[in-house]
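These notes are about the structure you will find just below.
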Amino acid sequence: MRSGIFQSESAQMALHAKPLIRALLPTSVRRRARSALNRLIWARSGLSVKSGSELAFWQGWFSTHGIEPETDYYRAFMLAMGGLADAEFFREKSCIDIGCGPKGSLTWLDGIAKHAIGIDPLASRYELFNISSHNMLYIAARAEELPLRSSSADVVFSMNSLDHVDDLEQACGEIRRVLKPGGHFIGSLNLDEPATPTEPWTLTEDYLERHLFRGWTPEFRRVCPRLDSEEHWGPYRYMFERPPLTMNNDGPRALWCRYRSDGSEGVERGGTKMGKKSK
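According to this note's numbering, the residues represented by the sequence shown are 17 to 295, in order.
Written as structure tokens, this is what we have:
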């Protein structure tokens with residue numbers, strides 16, 4: 017692990033402070049405390065709060081879990097969130113992952129998919145995490161401006177990334193634009209979570225139905241309470257088992273889904289301009 021990824025000591029401060037926040041503060045205030053820490057740390061770093069926080073998270077993750085791509089984890093998770101049992105579904109398809117991170121989210125498609133492309137605004141910085149050795153292509157780009165032709169993707173993945181974008185309506189429009197007619201959106205989406213500086217959107221089922229899923233056919237859809245956990249599968253325990261009857265179901269939830277596109281918006285970007293939508 018290279019320690020020189022950040023130009024200041026701010027990232028190291030965040031790396032040591034966040035475990036203390038997790039250990040000492042009650043769940044109800046952890047998110048606010050982390051957000052306040054991020055604002056303090058990254059104000060002096062030359063990076064935005066969002067970008068700096070993402071890089072600090074990944075540096076901590078690499079320190080704990082190692083630098084190798086997590087191929088088996090992503091295979092299991094992405095199949096599960098799409099309600100699929102077999103990776104053959106993706107045979108010879110062009111697949112993209114929005115907000116992919118640096119841990120090889122699509123390496124499991126090597127030898128199966130026609131294209132496996134990770135899109136992330138921080139992809140150029142992820143080069144320091146040895147992503148050049150991964151069997152997938154990384155492209156540095158925002159979800160709001162996907163550098164892809166219209167109707168060019170067979171599958172678009174979004175694994176807990178959609179609430180991180182700057183302009184949610186525009187990002188939804190871009191996903192709809194690049195999907196081929198009959199293509200699939202496969203997502204793990206966190207619902208009803210309070211907005212933060214790094215996750216500025218509170219996703220709701222109503223918003224997603226109007227702006228992303230409109231006119232699409234649901235082939236798999238599951239919603240469950242989402243737990244506060246930073247382990248791989250921890251937040252999604254109740255995707256696999258029934259929650260207790262006494263559990264309060266009014267808090268954050270998770271949506272796993274696979275939708276088939278009707279292909280109605282496969283037009284080139286540059287026509288109607290999409291603006292910011294209030295949350």
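Backbone N, C-alpha and C fix where the C-beta goes; we use that ideal spot for every residue, glycine too.
My understanding is that Arg91 touches Ala101, with C-beta atoms under 8 Å, so please give their C-beta distance in whole angstroms. As a first step, residue 91 must be located in the sequence shown, where it is residue number 75. As a first step, residue 101 must be located in the sequence shown, where it is residue number 85. Arg91 to Ala101, Cβ: 12 Å. No contact.
Hey, Trp232 and Arg193: beta-carbon distance below 8 Å or not? As a working note, residue 232 is residue 216 in the sequence shown. As a working note, residue 193 is residue 177 in the sequence shown. No, they are not a contact pair.
For Arg230, does the count of other Cβ atoms within 10 angstroms reach 16, so buried, or fall short, so exposed? Taking the sequence shown and counting its residues from 1, the one referred to as residue 230 is at position 214. With fewer than 16 other Cβ atoms within 10 Å, it is exposed.
Buried or exposed: Leu271, going by 16 or more other Cβ atoms within 10 Å of its Cβ? Against the sequence shown, residue 271 aligns to sequence position 255. Under this definition Leu271 is a buried residue.
Take Asp183 as the anchor and find which of Leu219, Arg238, Tyr154, Leu164 has the nearest alpha-carbon. Here the question's residue 183 lines up with position 167 in the sequence shown. Closest by alpha carbon: Leu219.
Quick check on DSSP: helix, strand or coil for Met175? Start at 1 with the first residue of the sequence shown, and residue 175 comes out as number 159. Residue state, collapsed to three classes: strand.
Closer than 7 Å to a non-hydrogen atom of the ligand FMN - does that hold for the CB of Ala157? Ligands displayed in this structure: none; no statement on the ligand FMN is therefore possible.
Quickly, what does DSSP pair His200 with across the bridge? List them, please. Against the sequence shown, residue 200 aligns to sequence position 184. DSSP lists Val171, Arg276 as partners of His200.
Within the stretch 179-258, ranges of the alpha helix (DSSP H) (whole runs, at least 4 residues): 184-194, 221-227
Arg258 classed as buried or exposed, judged by whether at least 16 other C-beta atoms fall within 10 angstroms: Indexing the sequence shown from 1 puts residue 258 at position 242. Per the 10 Å Cβ criterion, exposed.
Assign Asn176 to one of two classes, buried (16 or more other C-beta atoms within 10 Å of its C-beta) or exposed (fewer than that). Mapped onto the sequence shown, residue 176 falls at position 160. Answer is buried; the Cβ neighbour count reaches 16.
Do the CB positions of Ile155 and Ile133 come within less than 8 Å of each other? Within the sequence shown, residue 155 is the residue found at index 139, counting from 1. Within the sequence shown, residue 133 is the residue found at index 117, counting from 1. Yes, these two residues count as a Cβ contact at 8 Å.
Quick one: residues in its chain with C-beta nearer than 6 Å to the C-beta of Thr123, no 5 flanking neighbours on either side, listed in chain order? As a working mapping, residue 123 is identified with position 107 in the sequence shown. Counting only Cβ-Cβ distances below 6 Å, and skipping sequence neighbours, we find Pro85, Thr87, His150, Asn151, Met152.
Under 8 Å by Cβ, that's how I've got Met255 and Arg274 pegged, so tell me the actual separation to the nearest angstrom. What you label residue 255 is simply residue 239 of the sequence shown in a count that begins at 1. What you label residue 274 is simply residue 258 of the sequence shown in a count that begins at 1. Not quite, the Cβ-Cβ distance comes to about 14 Å (not below 8 Å), so this is no contact.
DSSP state of Lys155 mapped onto helix, strand, coil: Residue numbering aside, residue 155 sits at position 139 when the sequence shown is read from its first letter. It should be pointed out that residue 155 corresponds to Ile in this sequence rather than to Lys. Three-state DSSP puts Ile155 in a strand.
Got a sec, what are the start and stop residues for the alpha helix (DSSP H) Gly68 sits in? Mapped onto the sequence shown, residue 68 falls at position 52. From DSSP, the alpha helix (DSSP H) with Gly68 extends over 65-81.
Within the continuous alpha helix (DSSP H) that includes Ala96, where are the two ends? Working through the sequence shown from its first residue, we reach residue 96 at position 80. Start and end: 87-97.
How would you label Glu246, buried or exposed, when you count the other beta carbons within 10 angstroms and need 16 or more for buried? One-based indexing of the sequence shown puts residue 246 at position 230. The residue in question, Glu246, is exposed, as its Cβ has fewer than 16 Cβ neighbours within 10 Å.
Report yes or no: do the stretch 136-144 and the stretch 155-167 share at least 3 C-beta pairs separated by less than 8 Å? yes
When you compare only the Cα positions, how much space is there between Leu125 and Arg165? Walking along the sequence shown from the start, residue 125 turns up at place 109. Walking along the sequence shown from the start, residue 165 turns up at place 149. In a straight line, the C-alpha of Leu125 is about 21 Å away from that of Arg165.
Residue from Leu205, Asp244, Gly120 whose Cα sits closest to the Cα of Phe78: The sequence position of residue 78 within the sequence shown is 62, counting from 1. Checked all of Leu205, Asp244, Gly120; the closest Cα to Phe78 is Gly120.
Any idea which residues DSSP pairs Ser121 with across the strands? As a working note, residue 121 is residue 105 in the sequence shown. None, per the DSSP bridge assignment.
In chain order, what residues of the same chain lie with their CB nearer than 6 Å to the CB of Lys66, ignoring the 5 residues before and after it? Against the sequence shown, residue 66 aligns to sequence position 50. So the list reads Thr214, once near-sequence residues are dropped.
Nearest residue (CA-CA) to Ile135, options Phe145, Cys111, Ala72: The residue labelled residue 135 in the question sits at position 119 within the sequence shown. The shortest C-alpha separation from Ile135 is found at Cys111.
Answer with buried or exposed for His248, where buried requires no fewer than 16 other C-beta atoms within 10 angstroms of its C-beta. Within the sequence shown, residue 248 is the residue found at index 232, counting from 1. It is exposed - the Cβ of His248 has fewer than 16 other Cβ atoms within 10 Å.
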